[in-house]
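Please read the structure below before turning to the comments.
2 protein chains.
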Amino acid sequence: MTFKEFKATWTPIIDSYLADHLKSEVNDTKISQIMSYSVMAGGKRLRPLLFLATLDAINSKINDEEIRIACGIELIHTYSLIHDDLPAMDNDDYRRGKLTSHKKWGEAEAILAGDALLPMGIKWIAQGSNSAKLVAIITEAVGPNGMVGGQYLDIDSTNNKSVADNSDFINKMEWLKTGCLIKACVEMAVEHGNASPSQKELLLQFAQDFGRSYQIYDDLVDVVETSAEAGKKTHKDLESGKNNTLTLLGITKSRVELNKLIAHAQNCLKDINSDILTGFLDLYKKVL
Amino acid sequence: MTFKEFKATWTPIIDSYLADHLKSEVNDTKISQIMSYSVMAGGKRLRPLLFLATLDAINSKINDEEIRIACGIELIHTYSLIHDDLPAMDNDDYRRGKLTSHKKWGEAEAILAGDALLPMGIKWIAQGSNSAKLVAIITEAVGPNGMVGGQYLDIDSTNNKSVADNSDFINKMEWLKTGCLIKACVEMAVEHGNASPSQKELLLQFAQDFGRSYQIYDDLVDVVETSAEAGKKTHKDLESGKNNTLTLLGITKSRVELNKLIAHAQNCLKDINSDILTGFLDLYKKVL
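If you read the sequences in order, they're chains A and B. For the first sequence, the UniProt record's numbering assigns the number 1 to the initial residue and increments by one for each residue that follows. For the second sequence, the UniProt record's numbering assigns the number 1 to the initial residue and increments by one for each residue that follows.
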């Protein structure tokens, strides 16, 4: 199966699971609506697909339980977007071409929608896997030593010129913000699907490269695409005093760095022999 | 052992565990400091103590793993206080006699401190229990059908006179806001400590009564105590247009209701024979 076919098979299944279960498992209609608004706003489902593709790469079955875990990851990712967009954070009005949650529903509602999606996502992962280990992986990845830690460093260093050329700081911040959660998708699949030690090592290295690439890709989208293409305000990082790989290296060197990471990631997959996982790396072509 | 002795034994152990592990398990010193500021602000540790006391009541051992679970609950409780105090929510400047997190550190920092404490608390529960079931209990209790759902109903109904005399709505809102998490402490202990079916039934009924009482108690504190006694602004609910049991029933009838719940809770404990759990109900004496 190609990456395209895999994506075409599983994306509608993920989408319906999310829509159906946000309706059936949230008692209050209005809260359900506010949560669904952001979850069903047309995300690429990259993280759940990555979890499922990793399972596929190690010949592990995808049943309803695995879809529940995959969709739990998407709930958590959506929570992070809602909170990142808040006025006190990045203060964004649009996301994926639609009004952000706080613009649509109000600030308290947006904070609470995020606060509702996070534990619900973790619950789905716990129930789908019946594994405290998977819960430990995901909570570590989105906690103070992961995604939230990265978001804090981002907020704390915005308009702080002293870190603008500190590549260690910027690498660390971008890894925490984006890489950790992406790596956790692969790590949970490796754990859940009982990968062999050698598969595990290669897949985790692939995840490391893929996660790091993703943030550079996202920074490049900000300058390469128009707002209409990206579905959100672009050319914004530089204006708002954000420090990232792009402001550190510039466009040309960022592309070189991204190409290097992709080549390394591809190399990890040589012995795994998964066309589907390799296909994830084509995503980056549009900014190269 | 009496409730007083139990509390005097375990409170310092909970306090040191929290202080030590927020330091050793959070990599970034500044984030650790912001999280610790609120966690170490002098809370009564009611929820972790309730978890431990329930274990004790069913003769289940308290080791390091159980302390980790108990402290995980406290992290989650603290997250909820930080987010409830935010400008977009209850907009409180003081909590437990100290500046609230957003007043002390800034709004983005407070949102992120909460966002860091929630997954970290869940992680501690997952690791201490090695049980996906406990994770499902806690995440259900604090998600859209629990605490966050209650907070949403509270925000949504503030200054809405049409619900002011709707006792079903108010009971539901207060149960979700406060009762759910308190009940989850008992439910996790019952599950973790393998209570017998009859113990389980009695303890869950006790938890139901205790959880419901706690919100009425908290509403009464708002009118009965001065700000100095309560460590936060009091006489605030009525001013800010909040609907709760107290605005519904008035002081006298709220006290009657609270006494009724306490009597019922005490009755559940008759056959459990736990002086320690019974002692929790004395907490309410100061508002009766």
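Glycine included, each C-beta is placed from N, C-alpha and C at the ideal position. Keep in mind it's a predicted model, so treat the numbers as computed, not measured.
message = Please classify residue 288/B as buried or exposed, where buried requires at least 16 neighbouring CB atoms within 10 angstroms.
response = Your numbering for residue 288/B matches position 288 in the second sequence. When all chains shown are included, residue 288/B counts as exposed.
request  = Leaving out five residues on either side along the sequence, give the residues of the same chain with a beta carbon under 8 Å from the beta carbon of residue 275/A.
outcome  = Start at 1 with the first residue of the first sequence, and residue 275/A comes out as number 275. 1, 2, 3.
ask   = Counting Cβ pairs closer than 8 Å, one from the segment 50-69 of chain B and one from the segment 96-106 of chain B, do we hit at least three?
value = Taking a cut-off of 8 Å on C-beta distances, the segment 50-69 of chain B does not touch the segment 96-106 of chain B, as fewer than three cross pairs fall below it.
ask   = For residue 194/B, which option in 55/B, 45/B, 184/B, 278/B has the closest C-alpha, if you only look at C-alpha atoms?
value = On the second sequence, residue 194/B is found 194 positions in, with the first residue counted as 1. The candidate whose alpha carbon is nearest that of residue 194/B is 55/B.
query = Helix, strand or coil: how does DSSP classify residue 95/A here?
reply = The residue given as residue 95/A occupies position 95 in the first sequence. In this structure, residue 95/A counts as strand in the three-state DSSP scheme.
message = Along the chain, where does the alpha helix (DSSP H) containing residue 54/B start, and where does it finish?
response = As a working mapping, residue 54/B is identified with position 54 in the second sequence. Run containing residue 54/B: 46-57, per the alpha helix (DSSP H) assignment.
ask   = Among 58/A, 30/A, 70/A, 13/A, which one has its Cα closest to the Cα of residue 134/A?
value = Numbered from 1 along the first sequence, position 134 holds the residue referred to as residue 134/A. Cα-wise, what sits closest to residue 134/A is 70/A.
ask   = According to DSSP, is residue 277/A helix, strand or coil?
value = In the first sequence, the residue the question calls residue 277/A occupies position 277. Residue state for residue 277/A is assigned as helix, using DSSP reduced to three classes.
task = Please compile the residues from chain B whose C-beta is within a distance smaller than 7 Å of the C-beta of residue 107/A.
result = Within the first sequence, numbered from 1, the residue matching residue 107/A stands at position 107. Under the 7 Å cutoff, chain B gives 88.
message = Determine, for residue 152/B, whether the minimum Cβ-Cβ distance to residues of chain A falls below 8 Å.
response = The residue given as residue 152/B occupies position 152 in the second sequence. Interface residue, yes.
ask   = Considering residue 105/B, what are the terminal residues of the alpha helix (DSSP H) in which it resides?
value = Position 105 of the second sequence holds residue 105/B. Its alpha helix (DSSP H) spans residues 101-105.
request  = Taking residue 249/A as part of the alpha helix (DSSP H), name the residues at either end of that continuous run.
outcome  = Taking the first residue of the first sequence as 1, we reach residue 249/A at position 249. It spans 245-269 - the alpha helix (DSSP H) in which residue 249/A sits, taken as one unbroken run.
query = Does any residue of chain B bring its CB to less than 8 Å from the CB of residue 78/A?
reply = The residue you call residue 78/A lines up with position 78 of the first sequence. No, residue 78/A does not count as interfacial toward chain B.
CA nearest to the CA of residue 292/B, picked from 219/B, 199/B, 266/B = This structure does not reach residue 292/B, given that chain B is present from 1 up to 288, and the question cannot be answered.
request  = Return the first residue and the last residue of the alpha helix (DSSP H) that residue 190/A is part of.
outcome  = In the first sequence, counting from the first residue as 1, residue 190/A sits at position 190. Unbroken alpha helix (DSSP H) run through residue 190/A: 180-192.
message = Buried or exposed, going by whether 16 or more other CB atoms sit within 10 Å of the CB of residue 256/A?
response = Residue numbering aside, residue 256/A sits at position 256 when the first sequence is read from its first letter. The residue in question, residue 256/A, is exposed, as its Cβ has fewer than 16 Cβ neighbours within 10 Å.
inquiry  = For a test of the three-state rule: what should DSSP assign to residue 87/B, helix, strand or coil?
reply    = Reading the second sequence from its first residue, position 87 is the one you call residue 87/B. Residue 87/B falls in the coil class under three-state DSSP.
request  = Would you tell me roughly how many angstroms separate the C-alpha atoms of residue 122/A and residue 26/B, rounded to the nearest one?
outcome  = Within the first sequence, residue 122/A is the residue found at index 122, counting from 1. Within the second sequence, residue 26/B is the residue found at index 26, counting from 1. Computed Cα separation, rounded: 20 Å.
request  = Return the CA-CA distance between residue 141/A and residue 215/A, expressed in angstroms with no decimal places.
outcome  = Your numbering for residue 141/A matches position 141 in the first sequence. Your numbering for residue 215/A matches position 215 in the first sequence. The straight-line gap from Cα to Cα measures roughly 15 Å.
request  = Below 9 Å between beta carbons is the criterion; list the residues of the segment 138-171 of chain B that meet it against any residue of chain A, in chain order.
outcome  = 138, 139, 140, 141, 142, 143, 144, 145, 146, 147, 148, 149, 151, 152, 153, 155, 156
query = For the putative contact between residue 8/A and residue 40/A, defined by C-beta atoms under 8 Å, what is the C-beta separation to the nearest angstrom?
reply = Here the question's residue 8/A lines up with position 8 in the first sequence. Here the question's residue 40/A lines up with position 40 in the first sequence. The pair is not a contact, with the Cβ atoms about 19 Å apart (cut-off 8 Å).
query = Using a Cβ-Cβ cut-off of 6 Å (strictly less than) and excluding sequence neighbours within five positions of residue 72/B, which residues of its own chain qualify?
reply = Working through the second sequence from its first residue, we reach residue 72/B at position 72. Excluding sequence neighbours, residue 72/B sits near 121, 124, 125.
Nearest-angstrom Cβ-Cβ length linking residue 284/A and residue 258/A, presumed shorter than 8 Å = As a working mapping, residue 284/A is identified with position 284 in the first sequence. As a working mapping, residue 258/A is identified with position 258 in the first sequence. Their Cβ separation, rounded to whole angstroms, is 6 Å, which keeps residue 284/A and residue 258/A in contact under 8 Å.
message = For a cutoff of 8 Å on Cβ pairs, would you count residue 244/B as touching chain C?
response = Judged by its chain identifiers, the structure shown contains no chain C, and its protein chains are A and B.
task = Consider the Cβ of residue 12/A: report whether some Cβ of chain B lies at a distance smaller than 8 Å.
result = Within the first sequence, residue 12/A is the residue found at index 12, counting from 1. It does not: the Cβ of residue 12/A has no partner Cβ on chain B nearer than 8 Å.
query = What are the uninterrupted segments assigned as alpha helix (DSSP H) that are 4 or more residues long and contained completely in the segment 122-161 of chain A, given in chain order?
reply = You should have 132-142, 147-157.
message = DSSP three-state label for residue 196/B, please.
response = As a working mapping, residue 196/B is identified with position 196 in the second sequence. Three-state DSSP puts residue 196/B in coil, outside helix and strand.
request  = In angstroms with no decimal places, state the Cα-to-Cα distance between residue 168/B and residue 175/B.
outcome  = Within the second sequence, numbered from 1, the residue matching residue 168/B stands at position 168. Within the second sequence, numbered from 1, the residue matching residue 175/B stands at position 175. Each residue's alpha carbon lies about 10 Å from the other.
task = For chain B, find out if any of its Cβ atoms is closer than 8 Å to the Cβ of residue 21/A; answer yes or no.
result = Taking the first sequence and counting its residues from 1, one reaches residue 21/A at position 21. No, residue 21/A lies away from the interface with chain B (no Cβ there is under 8 Å from its Cβ).
Alpha carbon of residue 75/A to alpha carbon of residue 118/A, nearest angstrom = Numbered from its first residue, the first sequence carries residue 75/A at position 75. Numbered from its first residue, the first sequence carries residue 118/A at position 118. If you take the alpha carbons of residue 75/A and residue 118/A, they lie about 7 Å apart.
inquiry  = According to DSSP, is residue 164/A part of a helix, a strand, or is it coil?
reply    = On the first sequence, residue 164/A is found 164 positions in, with the first residue counted as 1. It is coil, neither helix nor strand.
request  = Locate the alpha helix (DSSP H) running through residue 20/B, then write down its first and last residues.
outcome  = In the second sequence, residue 20/B corresponds to position 20, counting from 1. Residue 20/B -> alpha helix (DSSP H) spans 3-24.
task = Could you check how far apart the C-beta atoms of residue 81/A and residue 38/A are, in whole angstroms? I think they sit under 8 Å.
result = Mapped onto the first sequence, residue 81/A falls at position 81. Mapped onto the first sequence, residue 38/A falls at position 38. Between residue 38/A and residue 81/A the Cβ distance is about 7 Å, and since that is below 8 Å, they are a contact.
message = Using a Cβ-Cβ distance cut-off of 8 Å, determine whether residue 111/A contacts chain B.
response = Taking the first sequence and counting its residues from 1, the one referred to as residue 111/A is at position 111. So yes, residue 111/A belongs to the interface.
request  = Put residue 62/A into one of helix, strand or coil per three-state DSSP.
outcome  = Here residue 62/A is taken as the residue at index 62 of the first sequence, counted from 1. For residue 62/A, the secondary structure class from DSSP, reduced to helix, strand or coil, is coil.
task = State yes or no: is the beta carbon of residue 31/A nearer than 8 Å to at least one beta carbon in chain B?
result = Taking the first residue of the first sequence as position 1, residue 31/A is located at position 31. Residue 31/A counts as touching chain B.
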